[in-house]
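Some notes on the structure that comes next.
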Amino acid sequence: MIDLKEMIVSSVNKHINNNISADDIEIPPDPNLGDYALPCFKLAKECKKSPNETAKVLMDNIQVGDYFSEIKIIGPYLNFFVSSVKLAENILKDVLKKKENYGRGQEKDTTVMIESPGPNTNKPLHLGHVRNMVLGNALVNLYEFSGYDTVRVDIINDRGVHICKSMLAYKKYADNKEPDKKPDHFVGDFYVLFSKRVKQNPELEQEIRDMLVKWENNDKKTRELWKKMNSWAIEGFKETYERFGVEMDKAYPESKHYEKGKKLVLDGLKNGLFEKDEEGNIIIDLEEKNLGKKVVLRADGTSIYITQDLVLADLRYKDYKMDKMIYIVGNEQIYHFKVLFEIFKKLKYPFADDCYHLAYGMIYLPEGKMKSRQGKVVDADNLADEMHKLAKIEVKKRNKNLSEKEIEKRAEQIGMSAIKFYILKYDPMKDFTYNQKESISFEGETGPYIQYTYARIKSILKKYKKNLSKEFNPKLLIKKQEKELIKYLSNFPETVKKSTKEYKPSIISRYLLDLCQSFNNYYHIHRILSEKKELTKSRIILIYAVSIVIKQGLNILGIEALNEM
RNA sequence: GUCCCUGUAGUCUAGCUUGGACAGAACGCAAGAUUGCGGAUCUUGAGACCCGGGUUCAAAUCCCGGCAGGGACGCCA
112 MIDLKEMIVS SVNKHINNNI SADDIEIPPD PNLGDYALPC FKLAKECKKS
162 PNETAKVLMD NIQVGDYFSE IKIIGPYLNF FVSSVKLAEN ILKDVLKKKE
212 NYGRGQEKDT TVMIESPGPN TNKPLHLGHV RNMVLGNALV NLYEFSGYDT
262 VRVDIINDRG VHICKSMLAY KKYADNKEPD KKPDHFVGDF YVLFSKRVKQ
312 NPELEQEIRD MLVKWENNDK KTRELWKKMN SWAIEGFKET YERFGVEMDK
362 AYPESKHYEK GKKLVLDGLK NGLFEKDEEG NIIIDLEEKN LGKKVVLRAD
412 GTSIYITQDL VLADLRYKDY KMDKMIYIVG NEQIYHFKVL FEIFKKLKYP
462 FADDCYHLAY GMIYLPEGKM KSRQGKVVDA DNLADEMHKL AKIEVKKRNK
512 NLSEKEIEKR AEQIGMSAIK FYILKYDPMK DFTYNQKESI SFEGETGPYI
562 QYTYARIKSI LKKYKKNLSK EFNPKLLIKK QEKELIKYLS NFPETVKKST
612 KEYKPSIISR YLLDLCQSFN NYYHIHRILS EKKELTKSRI ILIYAVSIVI
662 KQGLNILGIE ALNEM
């Protein structure tokens, strides 16, 4: 693979002592100014010349390969013009050869573990989980494509007061009936029912506490009920996971490990890592990190949230020996993870220095407030169904002769792409309002827009009856729009790297939008299929390469590319 | 009270880590293109860095002080 920035860097470094790096190379705001630019402000200081003079001296002295057609001084910038023919030849050859592996990172022998989405077994997955699942998919794909081994793990919050609430309501009011709907929703209904009843009957609160004690004491009937309802919830989650494309390597139910943290904490107490406060709680002092004092084990010996996370990480390490750990959890838990990671370090966990909390903000619905007033909770399945419906209308509008089965299939693919893309184009930390209509629109910054662009390319490729050859003439691809497209293609590997490094799938989303717009512009101005055979052949290769990159980009985001829409 | 996050055109959003050339899109709005491979596309235009200081040759970006919104600071998860 060729790296143009590196070529500039090495040639410049040959002639000056201070080392510049690829990060110093910029992309000029206007393509007429050049393809790459080296700002000479920093160098000027060290050379003790004005930036403009420095640029001049540099230009007179450096040699770059034939990938560059011209070097120009524009004020304090040294601007490089890429030889478009050479670039076209290399990039297209590279894409053609590697196909969907174009841009893939080298194998790294590093295992990355990602925790997502972490459901509670008392109610169905909601909007927050949707964001979590979608981010999780993208992150796993990004890391995998970048050459890492990935492990996706779940945390199942299957015990505690909130779980008992659904259980108690079921026990009292359900008359033992079996689920007559998606089982996690069935369970969730009893959670809602409990919240209603407890307002009129405050004594239910005491019953909940009694039930939790029974559960803790392994009361047979309570445990049976618990098992039954949990399995319903999990059965329901499984279906939702599948629909959203979540593939889990291993799920860790809280009930299995929540008591194991005690030993770990007591060992830490012996080693002097933790201490006891006056009430007998075991705490850790993180004042030095400005995080205060944190209880890690209650005085009565029961564990709390953080105790479990400590032991869970240890269990997971025994299972997978991960080198890096990423938690995808809402941003209200930033403080929790800061503390957790500090304790990891103190415990000398091998992965402690490479932990990341991917925190994300809230998703709102435009009519969200109204819905909650009506008691309609906005959950993942609901949203997916609604998007499916909206997509179906669009599909039907365009295709009169499709079978019902095919319509359903496309509606699902388009509906899910609308959700996923809409979520992934935003910075994870930001709250946003999910506008369903906007997300499914075929114009604008949407999943369907990208899919549609891809389908158009596929349609052209289909019309080109001849076999795709690997031969093309890069000298024919010199129109402004063609150069731009090739430039975008050449940026794909770098974009993947950046997106991975910064934990931001949105960088891929933005890239795809730019690439698609660039293609649409090209398509609008220049005809691909024409009488000129050589030209047609080369243009076909170009758009074929574009289609490969769009498809791979979508795959990383967990979105399917469709040949027809 | 302490700490963290966010504040960019009518709306929504990128850029802020590492300061540099006219702050980049989308929707909406206004004007226009298309006798073509899918008119669901494209082009052009108007329009923005919360406020006040500071550092700098250069600040949306860094520092200080405000203002507004959200969150954390529970033996809740």
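Just so you know, we're using our numbering here: the first sequence kicks off at 112 and counts up by one. Cβ atoms here follow ideal geometry from the backbone N, Cα and C, with glycine treated the same way.
query, result
"Ignore the nearest five residues each way along the sequence and tell me which others in GLY669's own chain have a CB closer than 7 Å to its CB.", "VAL245, ASN248, ALA249, ASN252, GLY356 and LYS531"
"DSSP three-state call for ILE439: helix, strand or coil?", "strand"
"Tell me whether the segment 593 to 603 and the segment 188 to 201 touch, counting them as touching only if at least three CB pairs, one residue from each stretch, are closer than 8 Å.", "yes"
"Are the CB atoms of TYR416 and ILE437 within a distance shorter than 8 Å?", "no"
"To the nearest angstrom, how far is it from the Cα of LYS404 to the Cα of ASN392?", "11 Å"
"Going by C-alpha distance, which of LEU458, HIS237, ASN584 and VAL303 is nearest ILE274?", "VAL303"
"Check whether the Cβ atoms of TYR363 and ILE266 sit closer than 8 Å, and answer yes or no.", "yes"
"Going by DSSP in three states, TYR545 sits in which element: helix, strand or coil?", "coil"
"Under 6 Å Cβ to Cβ from ASN53, same chain only, skipping five residues before and after it: list those, please.", "Residue 53 lies beyond the residue range present for the chain, which begins at 112 and ends at 676; the question has no answer from this structure."
"Alpha carbon to alpha carbon, how far is ALA463 from ASN578? Give it in angstroms, no decimals.", "53 Å"
"In three-state terms, what does DSSP make of PHE191?", "strand"
"Which two residues bound the contiguous beta strand (DSSP E) that contains ARG263?", "260 to 267"
"On a Cα-Cα basis, can you pick out the residue from THR557, LYS456, LYS609 and LYS338 that is closest to ALA502?", "THR557"
"Which runs of the beta strand (DSSP E) spanning at least 3 residues fall entirely within the segment 425 to 474, listed in chain order?", "435 to 441 and 466 to 471"
"If you run the structure through DSSP and keep just helix, strand and coil, what is ALA362?", "strand"
"Count the C-beta pairs between the segment 605 to 617 and the segment 639 to 652 that are closer than 8 Å, then say yes if the count reaches three, no if not.", "no"
"If I follow the unbroken beta strand (DSSP E) through SER257, where does it start and stop?", "Run containing SER257: none; DSSP gives neither H nor E here."
"Who are the near neighbours of PHE152 in its chain, counting only those whose CB is closer than 8 Å to its CB and skipping five residues on each side?", "PRO162 and PRO187"
"I believe ASN442 touches TYR471 by the beta-carbon criterion, under 8 Å. Please report the beta-carbon distance rounded to the nearest angstrom.", "6 Å"
"Rounded to a whole number of angstroms, what is the C-alpha to C-alpha distance between GLU365 and VAL440?", "16 Å"
"I need the DSSP call for ASN578, collapsed to helix, strand or coil.", "coil"
"Considering only the alpha carbon of each residue, which of PRO142, ASP146 and VAL607 lies closest to ILE119?", "ASP146"
"Check the C-beta distance from MET359 over to ARG242 and give it rounded, since I have them as a contact under 8 Å.", "In fact, because the Cβ distance is near 17 Å, the residues do not count as touching under 8 Å."
"Hey, how far is the Cα of PHE553 from the Cα of TYR563?", "7 Å"
"Alpha carbon to alpha carbon, how far is ALA491 from ILE661? Give it in angstroms, no decimals.", "27 Å"
"Helix, strand or coil: which one does DSSP assign to PHE305?", "helix"
"Per DSSP, what kind of secondary structure is ASN212 in: helix, strand or coil?", "helix"
"Helix, strand or coil: which one does DSSP assign to PHE152?", "helix"
"In this structure, how does DSSP classify THR232 when only helix, strand and coil are distinguished?", "coil"
"With LYS405 as the anchor, note down where its beta strand (DSSP E) starts and where it stops.", "404 to 408"
"Do you know whose CA, among GLU389, GLU350 and PHE385, lies nearest LEU397's CA?", "PHE385"
"For the segment 416 to 425 against the segment 443 to 459, do three or more pairs of beta-carbon atoms, one drawn from each stretch, fall closer than 8 Å, so that the two count as touching?", "yes"
"Within the continuous beta strand (DSSP E) that includes THR222, where are the two ends?", "222 to 226"
"Taking ARG409 as the reference, which of ASN190, GLY372 and LYS400 has the closest Cα?", "GLY372"
"Is it true that the CB of ALA133 sits closer than 8 Å to the CB of ASN190?", "no"
"I want to know whether the segment 617 to 627 touches the segment 207 to 220 - three or more CB-CB distances under 8 Å.", "no"
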